[in-house]
Ligand SMILES: CC(C)[C@H](C(=O)O)[C@@H](O)C(=O)O
Ligand code: SF4
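Below, the structure written as structure tokens:
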């Protein structure tokens, strides 16, 4: 019987297998940031161990950094960043600190450097490591004790998850983006729909996505509960990687591409679960609740708890509506927002910023609008195209790279009761600041919303 993409990559990395035990996997790339690494390094120090492969390990500062350059004033954030710097220096790990041209959100810099490649195993103490699966890598988040294990041994014991295919048939209609697609997928299968599975996104609409779009989709796999998300590499992948600093060169490139082309699910492979989505029926999608599965088409209304048959979902909807201060039946397009956030590892890449600029060109924002590039390289590229001038002209704030308002671990937060349209991936209670209310949206919807101050798609302008 044939094998799935996930099975191929997994088998390629098993260094030890024993009955009743997890497989021991070799890890090709280990990404670090300031939040989940301190105790892992403490553990190494206590055990008197070194980092096994500093050359396969790279660190960046992202969660705790302010996006207006200057000193870190919050003592916890400051301690975390300083600890990472000390650990990186002591253990010989490459670090991109705040202000460095290579700095950025961990899931933005890996692909941008060409470190993320098809067929690799990639881990990071961060749930959105699934982003890197867009390249056909097996990439997943790990806990801090696992970070220590990988630092010490470059391996990780793991039970093999089941496999799931999400088949996206047909083309996405004009104006419907990767973010709308993944929000619709999560609304369909639920935040637990992918649990215990590695998801492979397949089908025509997925093949037509750019690498940026594929990263947006894989990024949110974890919001459907999946262990990882993957997309088989193809010409789009190779095109993106070619010439990047860490991509193979010359003959090594040709060999790599020949191998990468084998990284596809065999025609006779069988997935444990298959979900089908009709892309042609999709429209811009937004969330109304407090988990990423509580979403609906922008043209719709806030649902009523009674619409849910499942008692748990009904109770969740009731609680979400109370927190979000929304009434059933309200048109989603009538929801007013105070703040628009464009950024994060979901939608903080150049393509996302181009989309936003296209909408904002010649217009003015009416809500506070933060535009935060996912990395300093994205910032430089955007500025080289003059995008920042369009943003500033429109009245938006143009910042430096970091996680920013994706989560309240730095100065960019919502005040209690404030409501945002956000291109990030989580709308949990208090995620963007205590008492803040989050609507997850695509960059296109974020930009149009910034103009009107209500949830809006560019086609409505
Ligand atoms: C801080 C970190 C551990 C966390 C994660 O794992 O995802 C963060 O990046 C997030 O998005 O909530
Ligand atoms: S941008 Fe948001 S989701 Fe991504 S790593 Fe940072 S905090 Fe996590």
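Numbering (UniProt numbering), first residue to last: 1 to 461. Yeah, the Cβ is synthetic: ideal placement off N, Cα and C, and Gly gets one too. Quick caveat, the model's predicted, so the values are computed rather than measured.
Just curious, the alpha helix (DSSP H) that residue 451 is in, first and last residue?
One-based indexing of the chain shown puts residue 451 at position 451. Here the alpha helix (DSSP H) through residue 451 covers 443-452.
Could you work out which residue in 427, 429, 433 and 395 is closest to residue 447 when comparing CA atoms only?
Residue mapping note: residue 447 aligns to position 447 of the chain shown, counting from 1. The residue with the shortest Cα to Cα distance from residue 447 is 395.
Measure how close the beta-carbons of residue 142 and residue 402 come, nearest whole angstrom, since I'm counting them as under 8 angstroms.
Residue numbering aside, residue 142 sits at position 142 when the chain shown is read from its first letter. Residue numbering aside, residue 402 sits at position 402 when the chain shown is read from its first letter. Not a contact, Cβ separation roughly 22 angstroms.
Indicate whether the contact test is met: 3 or more Cβ pairs, each with one atom in the region 214-232 and one in the region 115-135, closer than 8 angstroms.
yes
Does residue 145 come out as helix, strand or coil in the three-state DSSP assignment?
Working through the chain shown from its first residue, we reach residue 145 at position 145. DSSP places residue 145 in helix when its eight states are reduced to three.
Do residue 444 and residue 175 have their beta-carbon atoms positioned less than 8 angstroms apart in this structure?
For this step, residue 175 is matched to residue 175 along the chain shown. For this step, residue 444 is matched to residue 444 along the chain shown. Yes, these two residues count as a Cβ contact at 8 angstroms.
Whether residue 425 touches residue 344 by CB criterion (8 angstroms):
Within the chain shown, the letter at position 425 stands for residue 425. Within the chain shown, the letter at position 344 stands for residue 344. Contact: yes.
Identify which residue in 392, 417, 307 and 317 has its Cα closest to the Cα of residue 438.
To locate residue 438, count along the chain shown from 1; it is residue 438. For residue 438, the nearest C-alpha among the options comes from 417.
Using the Cβ count rule (16 or more neighbours within 10 Å means buried), how would you classify residue 66?
Numbered from 1 along the chain shown, position 66 holds the residue referred to as residue 66. Buried.
Cα-Cα separation, residue 507 to residue 339
For residue 507 there is no data in the structure shown, the boundaries of the chain being 1 and 461.
Straight-line CA distance for residue 463 to residue 20?
In the structure as shown, the chain begins at 1 and stops at 461. Residue 463 is therefore absent and cannot be evaluated.
Grouping DSSP H, G and I as helix and E and B as strand, with all else coil, what is residue 336?
Within the chain shown, numbered from 1, the residue matching residue 336 stands at position 336. In the structure shown, residue 336 sits in a strand (DSSP, three-state: E or B).
CA nearest to the CA of residue 406, picked from 57, 263, 441 and 74:
As a first step, residue 406 is located in the chain shown; it is residue number 406 there, counting from the start. Per the Cα distances, 441.
Say whether the region 107-118 touches the region 178-194, bearing in mind that this needs 3 or more beta-carbon pairs closer than 8 angstroms, one atom from each stretch.
no
Roughly how many angstroms lie between the CA atoms of residue 429 and residue 436, to the nearest whole one?
Mapped onto the chain shown, residue 429 falls at position 429. Mapped onto the chain shown, residue 436 falls at position 436. Using only the alpha carbons, I get a separation of about 7 angstroms.
Opposite residue 124 in the DSSP bridges: which residues?
Your numbering for residue 124 matches position 124 in the chain shown. Answer is 31 and 141.
Could you spell out the range, first to last residue, of the alpha helix (DSSP H) harbouring residue 89?
The residue given as residue 89 occupies position 89 in the chain shown. Residues 75-91.
Endpoints, alpha helix (DSSP H) assigned at residue 7:
Translated into the one-based positions of the chain shown, residue 7 becomes position 7. Residues 5-12.
Under 8 angstroms, do residue 171 and residue 204 count as touching if we go by C-beta distance?
The residue labelled residue 171 in the question sits at position 171 within the chain shown. The residue labelled residue 204 in the question sits at position 204 within the chain shown. It is a contact, given that the beta carbons lie within the stated cut-off.
Measuring alpha carbon to alpha carbon, tell me which residue in 305, 110 and 218 is nearest residue 202.
The count along the chain shown starts at 1 and reaches residue 202 at position 202. Minimum Cα distance to residue 202 is reached at 218.
Any contact of the region 148-159 with the region 259-272, i.e. 3+ C-beta pairs under 8 angstroms?
no
Roughly how many whole angstroms lie between the Cα atoms of residue 194 and residue 336?
Position 194 of the chain shown, counted from the first residue, corresponds to residue 194. Position 336 of the chain shown, counted from the first residue, corresponds to residue 336. Computed Cα separation, rounded: 32 angstroms.
Return the chain-ordered ranges of every beta strand (DSSP E) run that is complete within the region 289-359 and spans a minimum of 3 residues.
295-297 and 339-342
Which stretch, first to last residue, makes up the beta strand (DSSP E) that contains residue 388?
Against the chain shown, residue 388 aligns to sequence position 388. Here residue 388 belongs to no beta strand (DSSP E); instead the alpha helix (DSSP H) covers 387-394.
Closest residue to residue 168 among 315, 321, 282 and 28 (Cα-Cα distance):
Indexing the chain shown from 1 puts residue 168 at position 168. Ranking the options by Cα distance to residue 168, first place goes to 282.
Helix, strand or coil at residue 157 according to DSSP, with G and I counted as helix
Here residue 157 refers to the residue found at position 157 of the chain shown. Three-state DSSP puts residue 157 in a strand.
So who's on the other strand from residue 278, going by DSSP bridges?
Against the chain shown, residue 278 aligns to sequence position 278. DSSP lists 169 as partners of residue 278.
For ligand 1, which residues count as neighbours when the test is a C-beta closer than 6 angstroms to any heavy atom?
35, 36, 63, 126, 127, 128, 141 and 407
Pick out whichever of 393, 98, 386 and 374 has its Cα sitting closest to the Cα of residue 362.
Counting from one through the chain shown, the residue named residue 362 turns up at place 362. The shortest C-alpha separation from residue 362 is found at 393.
With a 10 Å radius around its C-beta and 16 neighbouring C-beta atoms as the bar for buried, classify residue 457 as buried or exposed.
Position 457 of the chain shown, counted from the start, is the residue given in the question as residue 457. Buried is the call here.
Shorter than 7 angstroms, the distance from the beta carbon of residue 107 to the closest heavy atom of ligand 2, or not?
In the chain shown, residue 107 corresponds to position 107, counting from 1. Yes - ligand 2 has a heavy atom lying nearer than 7 angstroms to the Cβ of residue 107.
Hey, how far is the Cα of residue 287 from the Cα of residue 326?
Position 287 of the chain shown, counting from 1, holds the residue named residue 287. Position 326 of the chain shown, counting from 1, holds the residue named residue 326. Their backbone Cα atoms lie some 12 angstroms apart in a straight line.
Can you find a CB in chain E that lies within less than 8 angstroms of the CB of residue 302?
Reference to chain E is not applicable here, since this structure consists of a single protein chain.
Here's the rule I'm using: 16 or more other beta-carbon atoms within 10 Å means buried, otherwise exposed. How should residue 400 be labelled?
Indexing the chain shown from 1 puts residue 400 at position 400. Buried is the call here.
Compute the Euclidean distance between the alpha carbons of residue 333 and residue 289, then round it to the nearest angstrom.
For the purposes of this step, residue 333 is taken as the residue at position 333 of the chain shown. For the purposes of this step, residue 289 is taken as the residue at position 289 of the chain shown. Computed Cα separation, rounded: 15 angstroms.
Bridge partners - residue 285, DSSP secondary structure assignment:
The residue given as residue 285 occupies position 285 in the chain shown. BP columns for residue 285 point to 297.
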